[in-house]
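Colleague: Supplied in structure tokens, the structure appears directly below.
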Amino acid sequence: MIPSREFTWKSVKTGDNAIFHKNLHTLLNSQVLVLNRLWQAVNICSARRAFALVYAGHAQVVSADEANNFMTHDFQSWRDFSTTAPENEMVTTISWKIRVPRVIVLLFFDRLPKKEVKFTRHNVFERDKNTCQYCGEVFDRSDLNLDHVVPRDRGGTTTWENVVCSCVACNTRKGNRLPREAHMHLIRKPKRPKWRPFVHVTFSTPQHESWRHFVDLAYWNVELSD
Ligand SMILES: [Zn+2]
0 MIPSREFTWK
10 SVKTGDNAIF
20 HKNLHTLLNS
30 QVLVLNRLWQ
40 AVNICSARRA
50 FALVYAGHAQ
60 VVSADEANNF
70 MTHDFQSWRD
80 FSTTAPENEM
90 VTTISWKIRV
100 PRVIVLLFFD
110 RLPKKEVKFT
120 RHNVFERDKN
130 TCQYCGEVFD
140 RSDLNLDHVV
150 PRDRGGTTTW
160 ENVVCSCVAC
170 NTRKGNRLPR
180 EAHMHLIRKP
190 KRPKWRPFVH
200 VTFSTPQHES
210 WRHFVDLAYW
220 NVELSD
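This is the structure:
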């Protein structure tokens, strides 16, 4: 994995005309869009991580002017750019000030976003849209279980094809039986989803204006299922 180097961030100064003052911690934790070498949005990281990647030469900062002309900067040039074009959100070290990046592009890591969605509790909830797959009702996640359609002790696997969201009532009713033995029906046949979770992440979190161009591209290029 890419080593991360840290700086000693000293304080934060905002411009004289700053409307609000964000503290250093907030600035370093602000979200930065990560592009791969093909300029495809692949991830989101913290500004702290982005600084480390750029400082180590693994990534460059992407800036855009109003006409969407993109420029890339290594650490030195981003520092210079920060001096010539300062903005309200700046972080300072002992000796210099630097702008918080909004978008970075990786220089070496050119793997495409994985098409396979990780099999996690979170992603099963996402796939099933927090809907019990037996009664079809939507619940809070805290009121949903993961149910093995074919129970584990009857050879059921823990896979996309055999695990679904289920409410407590349906889960209890079904018990350790097959759906048909309990006279229950799945509202949808469970299968591995095809979407890339990245797009979902960006649409459910606040995004910076400068992300729009890349996120729109990711939206149109996403593989759809069904
Ligand atoms: Zn239910």
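Heads up, the sequence shown is in numbering that gives the first Met the number 0, so the first residue is 0 and it goes up one at a time. Backbone N, C-alpha and C fix where the C-beta goes; we use that ideal spot for every residue, glycine too.
Would DSSP call Asp146 helix, strand or coil?
Modeller: Strand, per DSSP.
Colleague: Gln132 by DSSP, collapsed to three states: which one?
Modeller: Looking at Gln132 - three-state DSSP - the assignment turns out to be coil, as it is neither helix nor strand.
Colleague: Could you pull out every unbroken beta strand (DSSP E) segment of at least 3 residues lying fully inside the region 70-116, listed in chain order?
Modeller: The region 70-116 contains these whole beta strand (DSSP E) runs: 89-91, 96-98 and 102-105.
Colleague: Please check the pair Val162 and Val123, which I expect to be a contact at CB under 8 Å, by giving their CB distance rounded to whole angstroms.
Modeller: Going by Cβ atoms, the distance from Val162 to Val123 rounds to 6 Å, so yes, they are a contact pair.
Colleague: What's the C-alpha gap between Cys44 and Arg126?
Modeller: If I take the Cα positions, the gap works out to 24 Å.
Colleague: Which of helix, strand or coil does DSSP assign to Asn122?
Modeller: The answer is helix: DSSP assigns Asn122 an H, G or I state.
Colleague: How should Ala66 be labelled, buried or exposed, when 16 other C-beta atoms within 10 angstroms of its C-beta is the threshold for buried?
Modeller: By the neighbour-count rule (16 or more Cβ atoms within 10 Å), Ala66 is not buried but exposed.
Colleague: Mind checking Thr130: buried by the 16 CB within 10 Å criterion, or exposed?
Modeller: Per the 10 Å Cβ criterion, buried.
Colleague: When a residue counts only if its C-beta is closer than 5 Å to some heavy atom of ligand 1, which residues count, in chain order?
Modeller: Cβ-based neighbours of ligand 1 within the cut-off: Cys131, Tyr133, Cys134, Cys166 and Cys169.
Colleague: Could you name the residues of the same chain whose beta carbon sits closer than 8 Å to that of Phe213, not counting the 5 residues immediately before and after it, in chain order?
Modeller: These residues qualify, in order along the chain: Leu32, Leu34, Trp38, Gln39, Ala40 and Val102.
Colleague: Please report how far the alpha carbon of Gln59 lies from the alpha carbon of Asn87, in whole angstroms.
Modeller: When rounded, the distance between both Cα atoms is 21 Å.
Colleague: Does Asp64 pass the burial test, meaning 16 or more other C-beta atoms within 10 Å, or should it be called exposed?
Modeller: Answer is exposed; the Cβ neighbour count stays below 16.
Colleague: Please report the distance separating the alpha-carbon of Thr171 from that of Ala181.
Modeller: Cα to Cα, Thr171 sits roughly 11 Å from Ala181.
Colleague: Spell out the partners DSSP gives Gln39 in its beta bridges.
Modeller: None; Gln39 has no bridge partner.
Colleague: Between the Cα of Asp79 and the Cα atoms of Ala51, Met70, Ile97 and Asn68, which residue gives the shortest distance?
Modeller: Selected option, being the one with the closest Cα: Ile97.
Colleague: Let me check one thing: in DSSP terms, what residues is Ser62 bridge-paired to?
Modeller: Ser62 pairs with Met70.
Colleague: Tell me the DSSP secondary structure of Thr165 in three-state form.
Modeller: It should be pointed out that residue 165 corresponds to Ser in this sequence rather than to Thr. DSSP places Ser165 in strand when its eight states are reduced to three.
Colleague: From the DSSP output, in three-state form, read off Leu32 for me.
Modeller: DSSP places Leu32 in strand when its eight states are reduced to three.
Colleague: Go to Ala49, then tell me how far its alpha helix (DSSP H) extends in each direction, as first and last residue.
Modeller: First-last of the alpha helix (DSSP H) with Ala49: Ala46 to Tyr54.
Colleague: Can you list, in chain order, the residues of its chain with a C-beta nearer than 8 Å to that of Lys128? Leave out the 5 residues immediately preceding and following it.
Modeller: So the qualifying residues of the chain are Val137.
Colleague: Taking the alpha helix (DSSP H) that Thr25 belongs to, which residues open and close that run?
Modeller: Leu23 to Leu27 is the span of the alpha helix (DSSP H), which, as asked, contains Thr25.
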